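Asks: Following this message is one structure expressed as structure tokens.
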């Protein structure tokens, strides 16, 4: 692979590294430690941000929402669209992992225990199962079916607040499609325990048939929707999703547009991490520059002798570069190994941050903030590790070689 | 001792460039840590100040049973009045509020909101709430039954300025309370949740709505950020903002702890690099130590001189670091940093409200001794191994000789 001369220089560089193994290990270790710490912090925040994202999309938001234009602007539910076969076909392909056509009604209940506002979601139970595991989170009773009449599934928090049980009925107050105040008696078929307390208190599920009957005053047998929250792998498919639905009189919104507070939290984390990485990069470069420079300068005599024997500066540079490559390989391999072990273990066990709030779970912007954070090791972090090691070692070595050869020239 | 000091000092400058690089990296590291800690501290203070003066306040004085353990839940039947608060000096920078969870009805929708009755003129003085008005006007103390609500809420119930909304709630005498109010202004919280869940009216209109005693109220919200938070009174409880909004308090604490973690990482990285350099510097002078041993210098004396050398270098670096840190901190106390630089220019939404804090630095004295102490500790730790190696080699050389 390498020419004979380069092969020799490569070997020579390796021997140079071994000339003072302690120091080489020390330099490699310094870089490795900085990289491991930096990447750990990055993976920690990646994990935290991923958990926040998951918590948001699981609050019936989805990664994206396909919304009917009027609903998108004012949340007016009076002009729902039909879920056509073409739309169904599109949503059953990649990048979609699940979707749920939803009709949204704002209602309220008032009892001697108190009153609260509710979001009544008209769903197709069979399709909804592919979107959120509410049907698997039923702790009492059972999930609704598409043919049920006036049955509803409510959250545990709502049930405990109003002391509701399965089989109980309650009166839902709302304004129908004409704006007239209406009240309907609904029967509780199941109680779910899923996501945050505010989610459990706010969202109740009924089937499309009941929703259309109580709000639109008729059921036409079709699946209608004000919005279709969809699950994808992540937000990276935004362009694809938007392109698929352009010119179709539908509005596409990502979860970041639907929950701007948490979106800004993620942006803030991102900014902080970038700032942190710059600082770590500068610090480690500055701190290893001296040892590397000393390492080269103490070989000045040796270089002088080789120079007399006819070895040019170009070859010294080659030796230096081979030395860097070998150091990069060693440091990055060790860093990647350490990171894989540490983050691999912690991504399973998690890092407990509940002590920050005496163990109490915190909800912000309608989502439950994670107490135990699971760092996330991703391919990008490995690239980043390599890049970081390359950059730091290259700068330090090139500077040191340049200084030493300059001195050699002066001598 | 004098000789030892002189000897160590001269050794320090035998390779000035190297010493300078070491001093500079340590000085820049410590300056950065001092700066970043001050930034985090001032940032938290400014964010909280901006956030708390907008609406939430520093603390609330409420009936002991007003809030339940979970502070998101409250008992609206528990009211207080000024007679229950013995310290009347607290009134100056606080205002009374009456709260009512109500249903607000527009043309097509009825939604639940928390309607808050406020002392209009005092709120204008103490809070920045009126600045959030995007359309229309803020409330006026001379007009009753006016309401301001969030932009998003207005969109949802299809209401514009000048329209009327119907309010339905429960009065404190147990009866059904209802009223029609005119929308005079729309609040813009940058799309935060409060745009959908909050509405404001003047305190007297809400007292009438709730059939309340004219002197009683639910909360006295203090906007005094400088004075220490008082202890609770026998018949009125003090509830700090950290208890009412734990999610915000945790977020702030998280950032503060992260800053300390970063600082420790930076110190660790610098220390490791320094240990390496120190080790090389010491080994370079092995022959010299050997010669010193031969002419009668004990290993402990050599150890002391090396220790002094590092101590002097550390002191010089930290002195420089403190000066640089102080200069940077002072500079940014006159030229505040916009925190939006961390969000790519996007506004920060906290606790349902948009804030735009400019971080003006307030130097914290304790950081100027805590950081040097931390670095000294690490410096001492990094010295142990090189010193131990030198002493061991020196002893070995003597015995071999």
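Chains as they are written, first to last, in my numbering: chain A, -18 to 392; chain B, 31 to 431.
Glycine included, every Cβ here is placed at the ideal spot set by N, Cα and C.
Nothing here was measured: the structure is a model prediction, and the numbers come from that model.
Within this structure, are the beta carbons of residue 90 of chain A and residue 173 of chain A separated by less than 7 Å?
Replies: To locate residue 90 of chain A, count along the first chain from 1; it is residue 109. To locate residue 173 of chain A, count along the first chain from 1; it is residue 192. In this structure, residue 173 of chain A does not lie closer than 7 Å to residue 90 of chain A by Cβ.
Asks: Can you give the Cα-Cα distance for residue 96 of chain B and residue 70 of chain B, rounded to whole angstroms?
Replies: The sequence position of residue 96 of chain B within the second chain is 66, counting from 1. The sequence position of residue 70 of chain B within the second chain is 40, counting from 1. Answer to the nearest angstrom: the Cα atoms are 34 Å apart.
Asks: Count the other CB atoms within 10 Å of the CB of residue 32 of chain B; is the residue buried (16 or more) or exposed (fewer)?
Replies: Position 2 of the second chain, counted from the start, is the residue given in the question as residue 32 of chain B. Counting Cβ neighbours within 10 Å, residue 32 of chain B comes out exposed, since fewer than 16 surround it.
Asks: Here's the rule: buried if 16 or more other CB atoms are within 10 angstroms of the residue's CB, otherwise exposed. What is residue 74 of chain A?
Replies: Within the first chain, residue 74 of chain A is the residue found at index 93, counting from 1. Exposed, because fewer than 16 other Cβ atoms sit within 10 Å of the Cβ of residue 74 of chain A.
Asks: With DSSP run on the structure shown, which of helix, strand or coil describes residue 393 of chain A?
Replies: Residue numbering for chain A in the displayed model covers -18 to 392; residue 393 of chain A lies beyond these limits and cannot be assessed.
Asks: Under 8 Å between beta-carbons, which chain A residues line up against residue 188 of chain B? List them in chain order, please.
Replies: Taking the second chain and counting its residues from 1, the one referred to as residue 188 of chain B is at position 158. Under the 8 Å cutoff, chain A gives 55, 57.
Asks: Using a C-beta to C-beta distance shorter than 8 Å, which residues of chain E count as neighbours of residue 421 of chain B?
Replies: The question asks about chain E, but that chain is absent: this structure's protein chains are A and B.
Asks: Out of A/34, A/56, A/8, A/-11, point me to the one whose CA is closest to residue 309 of chain A's CA.
Replies: Your numbering for residue 309 of chain A matches position 328 in the first chain. Nearest option by C-alpha distance: A/8.
Asks: Return no unless some Cβ of chain A is closer than 7 Å to the Cβ of residue 306 of chain B.
Replies: Translated into positions along the second chain, residue 306 of chain B becomes position 276. With 7 Å as the cut-off, residue 306 of chain B counts as an interface residue toward chain A.
Asks: In whole angstroms, give me the CA-to-CA distance for residue 125 of chain B and residue 329 of chain A.
Replies: For the purposes of this step, residue 125 of chain B is taken as residue 95 along the second chain, with counting starting at 1. For the purposes of this step, residue 329 of chain A is taken as residue 348 along the first chain, with counting starting at 1. Cα to Cα, residue 125 of chain B sits roughly 50 Å from residue 329 of chain A.
Asks: Look up residue 201 of chain A in the DSSP assignment and say whether it is helix, strand or coil.
Replies: The residue you call residue 201 of chain A lines up with position 220 of the first chain. Coil, per DSSP.
Asks: Can you tell me where the alpha helix (DSSP H) with residue 61 of chain B in it begins and where it stops?
Replies: As a working note, residue 61 of chain B is residue 31 in the second chain. Run containing residue 61 of chain B: 46 to 81, per the alpha helix (DSSP H) assignment.
Asks: For the segment 211 to 226 of chain B, enumerate the residues whose C-beta is nearer than 9 Å to any C-beta of chain A, in chain order.
Replies: Taking 9 Å as the Cβ-Cβ cut-off against chain A, the residues of the segment 211 to 226 of chain B that qualify are 220, 221, 222, 223.
Asks: What does residue 8 of chain A reach in chain B if we use C-beta pairs closer than 8 Å?
Replies: Taking the first chain and counting its residues from 1, the one referred to as residue 8 of chain A is at position 27. Under the 8 Å cutoff, chain B gives 306.
Asks: On the DSSP bridge list, what partners appear for residue 333 of chain B?
Replies: Within the second chain, numbered from 1, the residue matching residue 333 of chain B stands at position 303. Answer is none; residue 333 of chain B lacks a bridge partner.
Asks: Out of curiosity, what's the CA-to-CA distance linking residue 268 of chain A and residue 14 of chain A?
Replies: Translated into positions along the first chain, residue 268 of chain A becomes position 287. Translated into positions along the first chain, residue 14 of chain A becomes position 33. About 12 Å.
Asks: Assuming residue 101 of chain A is part of the beta strand (DSSP E), what are its boundary residues?
Replies: Translated into the one-based positions of the first chain, residue 101 of chain A becomes position 120. Note, residue 101 of chain A: beta strand (DSSP E), 95 to 104.
Asks: Under DSSP, the alpha helix (DSSP H) around residue 250 of chain B begins and ends at which residues?
Replies: Translated into positions along the second chain, residue 250 of chain B becomes position 220. Careful: residue 250 of chain B lies outside any alpha helix (DSSP H), inside the beta strand (DSSP E) at 249 to 252.
Asks: Please check if any C-beta of chain B sits within less than 7 Å of the C-beta of residue -3 of chain A.
Replies: Sequence index remark: in the first chain, residue -3 of chain A carries index 16 (1-based). It does not; no Cβ of chain B falls within 7 Å.
Asks: If residue 380 of chain A sits next to residue 253 of chain A, beta carbons under 8 Å apart, how far is it from one beta carbon to the other, in whole angstroms?
Replies: Here residue 380 of chain A refers to the residue found at position 399 of the first chain. Here residue 253 of chain A refers to the residue found at position 272 of the first chain. Incorrect: roughly 29 Å between the Cβ atoms, too far for contact.
Asks: With burial defined as no fewer than 16 other Cβ atoms inside 10 Å of the residue's Cβ, what is the status of residue 382 of chain A: buried or exposed?
Replies: Residue mapping note: residue 382 of chain A aligns to position 401 of the first chain, counting from 1. When all chains shown are included, residue 382 of chain A counts as buried.
Asks: Do residue 181 of chain A and residue 122 of chain A have their CB atoms nearer than 7 Å?
Replies: Taking the first chain and counting its residues from 1, the one referred to as residue 181 of chain A is at position 200. Taking the first chain and counting its residues from 1, the one referred to as residue 122 of chain A is at position 141. Contact flag unset, no.
Asks: Taking 7 Å as the CB-CB cut-off, is residue 444 of chain B touching chain A?
Replies: Because chain B spans 31 through 431 in this model, residue 444 of chain B falls outside it and cannot be assessed.
Asks: Compare the Cα-Cα distances from residue 183 of chain A to each of A/194, A/360, A/311, A/41 and report the closest residue.
Replies: Stepping through the first chain from its first residue, residue 183 of chain A is reached at position 202. The shortest Cα separation from residue 183 of chain A among A/194, A/360, A/311, A/41 belongs to A/41.
Asks: Given a cut-off of 7 Å on the beta-carbon distance, is the pair residue 85 of chain B and residue 270 of chain B in contact?
Replies: Here residue 85 of chain B corresponds to residue number 55 of the second chain, with the count starting at 1. Here residue 270 of chain B corresponds to residue number 240 of the second chain, with the count starting at 1. Against a cut-off of 7 Å, the Cβ pair of residue 270 of chain B and residue 85 of chain B comes out as no contact.
Asks: Can you name the residues of chain B whose CB is closer than 8 Å to the CB of residue 87 of chain A?
Replies: Along the first chain, one-based indexing puts residue 87 of chain A at 106. By Cβ distance, chain B contributes 139, 140, 141, 186.
Asks: What's the gap between the Cα of residue 365 of chain B and the Cα of residue 91 of chain B?
Replies: As a first step, residue 365 of chain B must be located in the second chain, where it is residue number 335. As a first step, residue 91 of chain B must be located in the second chain, where it is residue number 61. Answer to the nearest angstrom: the Cα atoms are 36 Å apart.
Asks: Taking a cut of 9 Å between CB atoms, which residues from the segment 92 to 115 of chain A lie near chain B?
Replies: Per Cβ criterion, the list reads 95, 96, 97, 98, 99.
Asks: Among residues of its own chain, excluding the 5 on either side of residue -18 of chain A, which ones have a beta-carbon nearer than 6 Å to its beta-carbon?
Replies: As a working note, residue -18 of chain A is residue 1 in the first chain. For residue -18 of chain A, the predicted structure reports a pLDDT of 48, less than 50, and the residue's modelled location is therefore unreliable. The matter cannot be settled from this model.
Asks: Residue 374 of chain B CB to nearest chain A CB: under 7 Å?
Replies: The residue labelled residue 374 of chain B in the question sits at position 344 within the second chain. Judged by the 7 Å Cβ criterion, residue 374 of chain B is in contact with chain A.
Asks: Three or more C-beta pairs under 8 Å: does that hold for the segment 59 to 72 of chain A against the segment 359 to 374 of chain A?
Replies: At 8 Å Cβ cutoff, the stretches do not touch.
Asks: Can you say whether residue 136 of chain B is buried or exposed, counting buried as having 16 or more other CB atoms within 10 angstroms of its CB?
Replies: Residue 136 of chain B sits at position 106 when you count from the first residue of the second chain. So residue 136 of chain B ends up on the buried side.
Asks: Using a Cβ-Cβ cutoff of less than 7 Å, which residues in the same chain neighbour residue 244 of chain A once the five nearest sequence positions on both sides are dropped?
Replies: Here residue 244 of chain A is taken as the residue at index 263 of the first chain, counted from 1. If we look at residue 244 of chain A and ignore the five residues flanking it on each side, its Cβ neighbours are 237.
Asks: Write down the C-beta distance between residue 134 of chain A and residue 124 of chain A rounded to the nearest angstrom, noting that I regard them as a contact closer than 8 Å.
Replies: Start at 1 with the first residue of the first chain, and residue 134 of chain A comes out as number 153. Start at 1 with the first residue of the first chain, and residue 124 of chain A comes out as number 143. Their Cβ separation, rounded to whole angstroms, is 6 Å, which keeps residue 134 of chain A and residue 124 of chain A in contact under 8 Å.
Asks: Helix or strand or just coil, what does DSSP make of residue 226 of chain A?
Replies: If you number the first chain from 1, residue 226 of chain A lands on position 245. Here residue 226 of chain A sits in coil by DSSP.
Asks: Where in the segment 35 to 70 of chain A do unbroken runs of the alpha helix (DSSP H), each at least 4 residues long, occur, reported from the N-terminal end onward?
Replies: The qualifying runs are 50 to 55.
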